[in-house]
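Beneath this line is the structure, given in C-alpha coordinates, with notes to follow.
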(Lines of atoms letter the chains of each structure in order from A; the text may use other names.)
(Lines give C-alpha, C1' and ligand atoms only; values in the text may rest on other atoms or scores of the structure.)
Protein backbone atom coordinates (compact mmCIF):
# COMPACT_ATOMS: atom_id res chain seq x y z
CA UNK A 7 0.00 0.00 0.00
CA UNK A 8 1.36 3.29 -0.99
CA UNK A 9 1.86 6.19 1.39
CA UNK A 10 -0.89 8.11 -0.33
CA UNK A 11 -3.43 5.35 0.20
CA UNK A 12 -2.45 5.06 3.84
CA UNK A 13 -2.92 8.71 4.35
CA UNK A 14 -6.29 8.59 2.62
CA UNK A 15 -7.32 5.69 4.82
CA UNK A 16 -6.42 7.68 7.94
CA UNK A 17 -8.49 10.61 6.73
CA UNK A 18 -11.55 8.32 6.54
CA UNK A 19 -11.18 7.12 10.15
CA UNK A 20 -13.81 8.15 12.73
CA UNK A 21 -13.22 11.37 14.71
CA UNK A 22 -12.96 9.41 17.98
CA UNK A 23 -10.19 7.31 16.59
CA UNK A 24 -8.46 10.38 15.14
CA UNK A 25 -8.56 12.15 18.55
CA UNK A 26 -7.06 9.27 20.46
CA UNK A 27 -3.91 10.08 22.38
CA UNK A 28 -2.01 7.82 24.68
CA UNK A 29 -2.65 8.63 28.41
CA UNK A 30 -0.07 10.72 30.22
CA UNK A 31 1.63 8.90 32.99
CA UNK A 32 2.27 10.82 36.27
CA UNK A 33 5.86 11.87 36.73
CA UNK A 34 7.90 9.49 38.73
CA UNK A 35 8.35 10.60 42.33
CA UNK A 36 11.91 11.54 43.01
CA UNK A 37 13.36 9.53 45.78
CA UNK A 38 16.12 10.76 48.01
CA UNK A 39 19.36 9.24 47.10
CA UNK A 40 20.78 10.02 50.54
CA UNK A 41 21.46 7.08 52.71
CA UNK A 42 19.89 6.72 56.20
CA UNK A 43 23.26 7.52 57.77
CA UNK A 44 23.51 10.71 55.74
CA UNK A 45 20.05 11.84 56.92
CA UNK A 46 21.06 11.22 60.54
CA UNK A 47 24.10 13.42 60.07
CA UNK A 48 21.87 16.28 58.79
CA UNK A 49 19.57 15.92 61.82
CA UNK A 50 22.49 16.03 64.23
CA UNK A 51 23.92 19.13 62.55
CA UNK A 52 20.55 20.90 62.76
CA UNK A 53 20.22 20.04 66.47
CA UNK A 54 23.75 21.23 67.13
CA UNK A 55 23.11 24.57 65.37
CA UNK A 56 19.93 25.09 67.38
CA UNK A 57 21.79 24.39 70.61
CA UNK A 58 24.66 26.74 69.76
CA UNK A 59 22.54 29.70 68.68
CA UNK A 60 19.45 29.49 70.90
CA UNK A 61 20.72 28.10 74.20
CA UNK A 62 22.76 31.23 75.10
CA UNK A 63 19.72 33.41 74.35
CA UNK A 64 17.53 31.27 76.60
CA UNK A 65 20.13 31.27 79.36
CA UNK A 66 20.50 35.08 79.13
CA UNK A 67 16.76 35.59 79.36
CA UNK A 68 16.56 33.28 82.38
CA UNK A 69 19.45 35.04 84.10
CA UNK A 70 17.88 38.46 83.46
CA UNK A 71 14.58 37.28 84.91
CA UNK A 72 16.33 35.93 88.03
CA UNK A 73 18.66 38.93 88.53
CA UNK A 74 17.62 40.61 91.82
CA UNK A 75 19.57 43.82 91.20
CA UNK A 76 16.88 45.73 89.25
CA UNK A 77 14.39 45.01 92.03
CA UNK A 78 16.79 46.15 94.76
CA UNK A 79 17.77 49.29 92.84
CA UNK A 80 14.16 50.22 92.08
CA UNK A 81 13.09 49.69 95.69
CA UNK A 82 15.92 51.79 97.12
CA UNK A 83 15.33 54.65 94.69
CA UNK A 84 11.57 54.76 95.19
CA UNK A 85 11.32 54.13 98.94
CA UNK A 86 14.73 54.79 100.51
CA UNK A 87 16.33 57.77 98.80
CA UNK A 88 16.92 59.31 102.25
CA UNK A 89 19.01 56.28 103.26
CA UNK A 90 21.06 56.60 100.06
CA UNK A 91 21.98 60.15 101.11
CA UNK A 92 22.92 58.88 104.56
CA UNK A 93 25.28 56.31 103.02
CA UNK A 94 27.08 59.04 101.09
CA UNK A 95 27.30 61.37 104.09
CA UNK A 96 28.43 58.76 106.62
CA UNK A 97 30.65 56.46 104.56
CA UNK A 98 31.90 58.77 101.80
CA UNK A 99 32.00 61.92 103.99
CA UNK A 100 29.91 64.04 101.61
CA UNK A 101 28.13 67.19 102.74
CA UNK A 102 24.31 67.21 102.75
CA UNK A 103 24.27 69.33 99.59
CA UNK A 104 26.76 67.06 97.83
CA UNK A 105 24.69 63.99 98.76
CA UNK A 106 21.43 65.52 97.53
CA UNK A 107 19.36 63.81 94.79
CA UNK A 108 20.94 60.43 95.56
CA UNK A 109 19.94 57.56 93.25
CA UNK A 110 21.37 54.04 93.21
CA UNK A 111 22.55 52.98 89.76
CA UNK A 112 24.14 49.60 90.53
CA UNK A 113 24.87 47.16 93.32
CA UNK A 114 27.24 44.22 93.54
CA UNK A 115 28.24 41.90 96.36
CA UNK A 116 31.10 44.25 97.27
CA UNK A 117 29.79 47.78 96.61
CA UNK A 118 26.95 49.98 95.48
CA UNK A 119 27.09 52.84 93.01
CA UNK A 120 25.14 55.98 93.92
CA UNK A 121 24.72 59.06 91.74
CA UNK A 122 24.13 62.37 93.52
CA UNK A 123 24.28 66.11 92.88
CA UNK A 124 28.08 65.97 93.13
CA UNK A 125 28.66 63.03 90.77
CA UNK A 126 28.90 59.23 90.86
CA UNK A 127 30.19 57.61 94.05
CA UNK A 128 31.05 54.05 95.11
CA UNK A 129 30.09 52.93 98.60
CA UNK A 130 31.99 49.84 99.72
CA UNK A 131 30.15 46.92 101.34
CA UNK A 132 32.54 45.63 103.98
CA UNK A 133 32.57 42.70 104.41
CA UNK A 134 31.27 41.63 101.04
CA UNK A 135 27.83 40.01 100.89
CA UNK A 136 27.68 36.27 100.21
CA UNK A 137 24.63 36.70 97.95
CA UNK A 138 22.00 39.28 97.10
CA UNK A 139 19.72 37.59 99.63
CA UNK A 140 21.80 39.43 102.24
CA UNK A 141 21.08 42.85 100.69
CA UNK A 142 18.03 43.80 102.76
CA UNK A 143 19.62 43.11 106.14
CA UNK A 144 22.93 44.66 105.09
CA UNK A 145 21.38 47.90 103.81
CA UNK A 146 19.20 48.27 106.92
CA UNK A 147 22.24 47.77 109.16
CA UNK A 148 24.23 50.31 107.14
CA UNK A 149 21.41 52.85 107.47
CA UNK A 150 21.39 52.41 111.26
CA UNK A 151 25.19 52.74 111.35
CA UNK A 152 25.04 55.88 109.20
CA UNK A 153 22.42 57.45 111.48
CA UNK A 154 24.55 56.74 114.54
CA UNK A 155 27.65 58.14 112.86
CA UNK A 156 25.85 61.34 111.89
CA UNK A 157 23.95 61.67 115.16
CA UNK A 158 20.57 61.27 113.48
CA UNK A 159 17.35 59.62 114.62
CA UNK A 160 15.57 56.78 112.88
CA UNK A 161 12.38 58.82 113.24
CA UNK A 162 11.52 61.22 110.41
CA UNK A 163 9.36 64.32 110.80
CA UNK A 164 7.68 65.19 107.51
CA UNK A 165 4.95 67.63 108.57
CA UNK A 166 4.41 70.95 110.29
CA UNK A 167 1.81 71.95 112.87
CA UNK A 168 1.02 75.53 113.78
CA UNK A 169 0.98 77.06 117.27
CA UNK A 170 -1.83 76.62 119.77
CA UNK A 171 -2.47 77.74 123.36
CA UNK A 172 0.55 79.39 124.97
CA UNK A 173 2.50 78.94 121.75
CA UNK A 174 -0.06 80.99 119.86
CA UNK A 175 0.16 83.77 122.46
CA UNK A 176 3.94 83.78 122.17
CA UNK A 177 3.77 83.80 118.36
CA UNK A 178 1.36 86.77 118.26
CA UNK A 179 3.36 88.73 120.86
CA UNK A 180 6.69 88.37 119.07
CA UNK A 181 5.09 89.03 115.68
CA UNK A 182 3.53 92.23 117.08
CA UNK A 183 6.89 93.36 118.44
CA UNK A 184 8.66 92.95 115.07
CA UNK A 185 5.80 94.78 113.32
CA UNK A 186 6.18 97.61 115.84
CA UNK A 187 9.95 97.69 115.34
CA UNK A 188 9.43 97.88 111.58
CA UNK A 189 6.98 100.77 112.01
CA UNK A 190 9.46 102.66 114.20
CA UNK A 191 12.30 102.04 111.73
CA UNK A 192 10.09 103.33 108.89
CA UNK A 193 9.37 106.57 110.81
CA UNK A 194 5.65 105.87 111.17
CA UNK A 195 5.75 106.56 114.94
CA UNK A 196 6.74 110.21 115.35
CA UNK A 197 5.22 113.28 117.01
CA UNK A 198 2.12 114.35 115.15
CA UNK A 199 1.58 111.03 113.36
CA UNK A 200 -1.57 108.96 113.68
CA UNK A 201 0.23 106.14 115.50
CA UNK A 202 1.81 108.61 117.90
CA UNK A 203 -1.64 109.91 118.83
CA UNK A 204 -2.95 106.35 119.37
CA UNK A 205 0.02 105.16 121.49
CA UNK A 206 0.78 108.24 123.60
CA UNK A 207 -2.34 108.23 125.84
CA UNK A 208 -2.21 104.50 126.69
CA UNK A 209 1.39 103.31 126.73
CA UNK A 210 3.33 103.72 130.02
CA UNK A 211 5.46 106.88 129.76
CA UNK A 212 3.65 107.72 126.56
CA UNK A 213 4.87 107.40 123.01
CA UNK A 214 8.41 108.36 124.03
CA UNK A 215 8.51 105.41 126.41
CA UNK A 216 7.21 103.20 123.59
CA UNK A 217 10.02 104.32 121.25
CA UNK A 218 12.66 103.79 123.92
CA UNK A 219 11.46 100.24 124.73
CA UNK A 220 11.20 99.15 121.09
CA UNK A 221 14.75 100.30 120.38
CA UNK A 222 16.24 99.04 123.66
CA UNK A 223 15.15 95.41 123.33
CA UNK A 224 15.53 95.03 119.56
CA UNK A 225 19.01 93.48 119.53
CA UNK A 226 18.40 91.16 122.53
CA UNK A 227 15.09 89.92 121.05
CA UNK A 228 16.68 89.42 117.63
CA UNK A 229 19.67 87.57 119.12
CA UNK A 230 17.52 85.31 121.32
CA UNK A 231 15.12 84.30 118.56
CA UNK A 232 17.87 83.87 115.97
CA UNK A 233 19.70 81.55 118.39
CA UNK A 234 16.53 79.55 119.03
CA UNK A 235 16.01 79.20 115.29
CA UNK A 236 19.59 78.00 114.76
CA UNK A 237 19.25 75.48 117.58
CA UNK A 238 15.96 74.18 116.19
CA UNK A 239 17.58 73.58 112.79
CA UNK A 240 20.64 71.94 114.29
CA UNK A 241 19.22 69.85 117.12
CA UNK A 242 15.78 68.94 115.78
CA UNK A 243 15.26 69.45 112.05
CA UNK A 244 18.56 67.88 110.94
CA UNK A 245 18.32 65.08 113.51
CA UNK A 246 14.83 64.05 112.42
CA UNK A 247 15.45 64.19 108.69
CA UNK A 248 13.75 67.47 107.77
CA UNK A 249 15.39 68.39 104.47
CA UNK A 250 17.18 71.74 104.62
CA UNK A 251 15.45 74.25 102.35
CA UNK A 252 12.24 72.23 102.05
CA UNK A 253 8.82 73.75 102.71
CA UNK A 254 8.54 71.94 106.06
CA UNK A 255 12.00 73.19 107.04
CA UNK A 256 11.10 76.83 106.26
CA UNK A 257 7.83 76.60 108.19
CA UNK A 258 9.55 75.28 111.33
CA UNK A 259 12.35 77.85 111.06
CA UNK A 260 9.96 80.79 110.68
CA UNK A 261 7.68 79.48 113.41
CA UNK A 262 10.57 79.04 115.84
CA UNK A 263 11.87 82.54 115.11
CA UNK A 264 8.52 84.08 116.02
CA UNK A 265 7.29 81.62 118.64
CA UNK A 266 10.47 80.58 120.41
CA UNK A 267 10.51 77.86 123.08
CA UNK A 268 6.93 76.58 122.60
CA UNK A 269 7.89 75.46 119.08
CA UNK A 270 10.48 73.09 120.63
CA UNK A 271 7.85 71.64 122.93
CA UNK A 272 5.49 70.99 120.03
CA UNK A 273 8.19 69.49 117.81
CA UNK A 274 9.40 67.13 120.57
CA UNK A 275 5.79 66.02 121.11
CA UNK A 276 5.53 65.10 117.43
CA UNK A 277 8.76 63.11 117.65
CA UNK A 278 7.39 61.14 120.62
CA UNK A 279 4.19 60.41 118.69
CA UNK A 280 6.14 59.11 115.70
CA UNK A 281 8.31 56.96 117.98
CA UNK A 282 5.19 55.46 119.57
CA UNK A 283 3.74 54.68 116.12
CA UNK A 284 6.94 52.96 115.05
CA UNK A 285 7.13 50.86 118.20
CA UNK A 286 3.46 49.88 117.86
CA UNK A 287 4.07 48.76 114.27
CA UNK A 288 6.64 46.23 115.49
CA UNK A 289 4.01 44.30 117.44
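Residue numbers (our numbering): 7 to 289. Note that beta-carbon positions come from the ideal geometry of N, C-alpha and C, so glycine has one too.
Check	Outcome
Can you tell me where the beta strand (DSSP E) holding residue 119 begins and where it ends?	117-122
Assign residue 35 to one of two classes, buried (16 or more other C-beta atoms within 10 Å of its C-beta) or exposed (fewer than that).	Because residue 35 carries a pLDDT of 48, less than 50, the predicted location of this residue cannot be relied on, and the following value inherits that uncertainty. Exposed: under 16 other Cβ atoms inside 10 Å.
Name, in chain order, the residues that DSSP records as bridge partners for residue 113.	118
Is it true that the segment 245-254 meets the segment 160-167, where meeting means three or more beta-carbon pairs spaced less than 8 Å apart?	yes
Report yes or no: do the segment 272-288 and the segment 186-199 share at least 3 C-beta pairs separated by less than 8 Å?	no
Considering only residues of the same chain and omitting the five flanking positions on each side of residue 109, which have a CB-CB separation below 6 Å?	83, 121
Using DSSP's beta-bridge definition, name the partner residues of residue 146.	According to DSSP, residue 146 bridges with nothing at all.
Got a sec: does the ligand ADP put a non-hydrogen atom nearer than 7 Å to the Cβ of residue 83?	Of ligands this structure carries none, so the ligand ADP is not represented either.
Between the C-alpha atoms of residue 87 and residue 203, what's the straight-line distance to the nearest angstrom?	59 Å
What does the alpha-carbon distance come out to for the pair residue 235 and residue 103?	20 Å
Reducing DSSP to helix, strand and coil, say where residue 278 ends up.	helix
Taking residue 123 and residue 107 to be in contact with their CB atoms under 8 Å, please state how far apart those CB atoms are, rounded to whole angstroms.	5 Å
Does the segment 110-117 come close enough to the segment 94-102 that 3 or more CB-CB pairs lie under 8 Å?	no
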